[in-house]
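Chains A and B supply the protein sequences, listed in that same order. Taking the UniProt record's numbering as reference, the numbering of the first sequence is continuous, increasing by one, and the terminal residue is 385. Taking the UniProt record's numbering as reference, the numbering of the second sequence is continuous, increasing by one, and the terminal residue is 472. In this text, a Cβ means the ideal position worked out from N, Cα and C, and glycines have one as well. Written out below as structure tokens is the structure these notes cover.
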Amino acid sequence: MSDNMKRRDFLKGAATGVGVGLLGAMGLYSYSSQRTRHFPKAERKMTDIGVCKSVKVTNISETSWFDNATLMGDIKGAGGLLVNQYDYNWPPFGNGKGLGKGSYKEGIAQIKHLLPNRLDEAWEIISKNSVHPENAGGFAALLDVEEMNGNKRKFLLDVGWSYQWCDECFKREGIDKMLQNKEIEALFFSHEHFDHFWGLPVALKYDPEITIYIPEGFYPEGLQYIKDCGHKGKLITVKTGLEKLIPGMACYVFAIPIICRVYGELSLYFNVADKGLVSVTGCCHQGIIQFAETAYTEIKYENDKRHGIYGGLHISPFEDWDPKYDDLVISLGNYGFEHIGCNHCTGILCAKKFIEAGYPVVEGSARFRSKEKAYLGNGDTITFG
Amino acid sequence: MERFGEGYLEERKLVKRWSGPIPALVSLVITLAVFYLTWWIFQDPRGIMRMYTPYVGYMYCRWWLIMMIWMVYIFNFWPFRRKWLETTHPLIKGTIMTLISVVIMLALIKGFFEGLLGNYGLAYFNPEQLEKLPGVTSFFAIEYSALAILMFAAIASWLSPAWVVALEEAPWQKLTQPAKGLTILITTFFLSTVIYFVTMHPHMGILYHPWQYFTSIAPPYWEEFADTVSGNFHVSWIMCCTVVVWLVETIWERYPFNLIKNDWARRFACFFGIVAIALAMHFFLYFAQELTWGEAIRGTRRGFAPDWRWLHVGEMAIFFLVPALFLAFYCNNWPKKYSMPVNVLVRTAVTLAASIALYIFYYKTSHLFLGTQKGFSHPQQFPMIPMIWLINIWLVHHWFMDNWPAWKMVQKTADEIEADHAAKNAAIADIRITPKFGAGLAAGVVMGVAFYFITVWALPSIYAAIDINPGV
């Protein structure tokens, strides 16, 4: 055999061997227990966000829409969950052209001159031009935080969707007066979704100067809507990551894509004295366990204990189910939460599965159009601390 | 005796109309234009039919792929006669065969799955039956049934071509069409059913409340190993199998399995070799995600959820297939001038580099022009759908239209066919298992293992430096 042939044989063998070695290592090592040696050692940052005495949440409304089939029918008819939320032709951006043919620009042009004070007139126009205005509800919550010195501070988390429904709920819970009296110092938007954000003029009707926090990722229409609603106060865009707010209260922004062309979610952490971590979410598109794990790596909290959850946990918002949701039901017990107040996009089926699993779900009263006691429903409250 | 299309693909000579890379580039531009137009018509959430919901669009996409595989690989173009294939204008051929593939696809989905199975067997194959379940909305009824039907296609799109590529149509290779096609079709369909029942049926069984303990295994047997009860664990390796079958058939020229002289040993080695390679990809691509995003956490959502990580393995795998098929269909399986193992290695390296570039390009830009959502883990973000849609268009173009207009099809002469066979046999015979080959093999194995660990070591920092998209 000539040297050239030997070299060629060697090369052929080597080319084959590279594939064999590479695939062999891929198959044998990649899922072995040895692989964990390559993971970076996660060091807890233990950021001190301070501590508060208690936090009380009043559920102004968790009923974002009243009928699942109607909402999903609209979504299906317009082309699915990826359609831009401003294009569905839902209230308040109805342009009269029908499902899936909406436009922020055309919709807002019809009501802009009436915002934020003449909402009844605006809703009359909206009702004529939009798809299923009667199905719009909204998610909103009032947060009462008591500082260690006894000082009490109020915040709003989201403002719902329908002008009509939100105004009714605000009045029912006395939010209108609190806003008028400037008792509520800021409004946090969990994300840009219709059912959390589009009811903004109702809040601005009572306090146009309220400070607003939004997660980064709002689309141009959303930013314009804040202006078009007549907001005159400070607008703070929170960047991805942790942001301390007041002693014992911080927010965390997750850069995540969400259905209906929305991006980014802001959720709240409270460090309650002697109790531990309390997580308050709007929809929790990042996942409640991700939210809890993030707290573990990022912040320091009392007794190193996760104490409570309140809010939408985004598991089966349309009462759909998927085996991966069972992963959450199975795993949540490992996190040791002592009080779980869930509603909205958690899904009733999921709340019932939590109860069946023996988790400490705080049940509600099923009033004001909330459907089930498994939920902490409209008008119900929960206090941590 | 009429051969129909048996051997048609191997015996046709595609002659470039222009020199250099122009035909490949022209074909790329034309097929991308068709892709974008048809995407807008059928799939795009902003377009006309808006089938990317996503599962409805995906179901049609997968079954259309299978239809073409059946028509070309299993039935060898039967009942189209060889003369018709050789003389009909590619545009007419493409139109007729595409329409036929669509008609059979609709008959299968609407008639067999939704109509027969959905009404008389497993209710979840039929959306109308599913809607009878309290609380299930029309939207999810359609999505769930589409998921079940498409998963059947995913399994079939591995097994159907594998019977031809790995098992060489054995033991029915000597049957004439349509007997051969029907036999392979029924066998692979049966096997797909068995695999569906042990991989996806338990997933479908726990979609509903309460879990269907008595009709499916719940919790499923893979729960502990996969760290999830979701069937996405199986989607992952099945997708990898689908991809590896085509890598073996195209850019690998069935190497190294073609070195095995014993027929049945070669066939089984190739079939199970494909599964083994797919499993290696399945585990590595999961590990790659752990290295870049951190360890998965069971019960969480989106980017950190094990179920999504497994699904993403399948999504990553499909990115390999696109450049591999482009090399095979439009670049004449470049390069061909070295020995088979070296050619295979170079093609694999090119495919690997191109697939990484495509992955980055897709996640950076697709939301801008496909109507999909930005980010990796959005529940409606399924890169498999546009990738397979593009591949479907290439299959129509390459199989049904002979790469028209940048190539012209002429039939090879008997001498040319003979020369091809001889060249193929010579290329295989050129690989001699000598001591030098053995030494090279050992050195190569070391290099392969080293390359693996270098990749594992470098991946986190490379990923961080590229910063594809923050939206995990």
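| Item | Value |
| --- | --- |
| Leaving out five residues before and five after T237/A in sequence, what residues of the same chain have Cβ atoms less than 6 Å from its Cβ? | I214, E216 |
| Can a CB atom of chain B be found closer than 8 Å to the CB of K243/A? | It is Glu, not Lys, that sits at residue 243/A in the sequence shown. Chain B, which has no Cβ nearer than 8 Å to the Cβ of E243/A, makes this no. |
| For V456/B, does the count of other Cβ atoms within 10 angstroms reach 16, so buried, or fall short, so exposed? | buried |
| Measure the Cβ-Cβ separation of I315/A and G364/A and say whether it is below 8 Å. | no |
| Residues in the segment 428-453 of chain B with C-beta within 9 Å of chain A's C-beta atoms, listed in sequence order? | D430, I431, R432, I433, T434, P435, K436, F437, G438, A439, G440, L441, A442, A443, G444, V445, V446, M447, G448, V449, A450, F451, Y452, F453 |
| For the structure I just gave you, are there three or more beta carbon pairs, one from the segment 193-200 of chain B and one from the segment 269-287 of chain B, closer than 8 Å? | no |
| Check the Cβ of L22/A against every Cβ in chain E and list those closer than 8 Å, keeping chain order. | Of the protein chains in the structure, A and B, none is chain E. |
| Can you tell which of F369/B, K408/B, Y286/B, G375/B has the C-alpha that lies nearest to the C-alpha of W40/B? | F369/B |
| Could you tell me whether any Cβ in chain B is nearer than 8 Å to the Cβ of I175/A? | no |
| Can you tell me whether DSSP reads S267/A as helix, strand or coil? | strand |
| Counting only Cβ pairs nearer than 9 Å, list the residues of chain B close to H83/A. | Rather than His, the amino acid found at residue 83/A in this sequence is Val. Within 9 Å Cβ-Cβ: P45, R46, R50, G371. |
| In whole angstroms, what is the alpha-carbon distance linking Y86/A and L114/A? | 19 Å |
| Examine chain B for any beta-carbon lying closer than 8 Å to the beta-carbon of N293/A, and answer yes or no. | Sequence check: residue 293/A is Glu here, not Asn. It does: the Cβ of E293/A has a partner Cβ on chain B nearer than 8 Å. |
| Thinking C-beta only, is S355/B closer than 8 Å to P335/B? | no |
| Could you give the distance in angstroms between the alpha-carbon of V346/B and the alpha-carbon of Y73/B? | 27 Å |
| Along chain B, which residues have their Cβ under 7 Å away from the Cβ of G73/A? | S138 |
| Would you mind working out which of P386/B, K424/B, G115/B, L65/B sits nearest S366/B, comparing C-alpha positions? | P386/B |
| Check the C-beta distance from F139/A over to D120/A and give it rounded, since I have them as a contact under 8 Å. | Contact flag wrong, Cβ pair sits at about 22 Å. |
| Would you grab the beta carbon distance between G137/A and D195/A for me? Rounded to a whole angstrom, and I think it's under 8 Å. | 7 Å |
| Just to confirm my understanding: we take C331/B, look at its own chain, exclude 5 residues before and 5 after, and list those with CB closer than 6 Å. What are they? | A24 |
| Quick check on DSSP: helix, strand or coil for C229/A? | coil |
| Just to check my reading of the structure: S145/B and N403/B have Cβ atoms closer than 8 Å, yes? What is that Cβ distance to the nearest angstrom? | Between N403/B and S145/B the Cβ distance is about 37 Å, and since that is not below 8 Å, they are no contact. |
| For the beta strand (DSSP E) that I92/B lies in, which residues bound it at each end? | Here I92/B belongs to no beta strand (DSSP E); instead the alpha helix (DSSP H) covers 90-106. |
| Which whole-angstrom value is the C-beta distance of I126/A and G100/A, which I expect to be below 8 Å? | Incorrect: roughly 17 Å between the Cβ atoms, too far for contact. |
| Under a Cβ-count criterion, where at least 16 other Cβ atoms within 10 Å of its own Cβ denotes burial, should Y362/B be classed as buried or exposed? | buried |
| Looking only at its own chain, which residues have a Cβ that is under 8 Å from the Cβ of C284/A, when we skip the five neighbours before and after it? | E265, S267, F291, G311, G312, L313, H314, C345 |
| Which first and last residues belong to the alpha helix (DSSP H) in which H421/B is found? | 414-429 |
| Measuring only the C-alpha atoms, how far is V29/B from T228/B? | 42 Å |
| Give a yes or no on whether the minimum CB-CB distance between E319/A and chain B is below 8 Å. | yes |
| Closer than 9 Å, Cβ to any Cβ of chain A: which residues of the segment 282-308 of chain B, in chain order? | H282, F283, F284, L285, Y286, F287, A288, E290, L291, G294, E295, I297, R298, G299, T300, R301, R302, G303, F304, A305, P306, D307, W308 |
| Whose Cβ in chain B lies nearer than 9 Å to the Cβ of N68/A? | G135, T137 |
| Using 8 Å as the cut-off, can you tell me whether the segment 74-81 of chain A makes contact with the segment 36-54 of chain B, which would need three or more C-beta pairs spanning the two stretches below that distance? | yes |
| Check distances from the C-beta atoms of the segment 247-275 of chain A to those of chain B and list, in chain order, the residues that come in under 8 Å. | A255, I256, P257, I258, I259, R261, Y263 |
| Are the Cβ atoms of R306/A and G333/A separated by less than 8 Å? | no |
| What residue range does the beta strand (DSSP E) around A140/A cover? | 140-146 |
| According to DSSP, is F254/A part of a helix, a strand, or is it coil? | strand |
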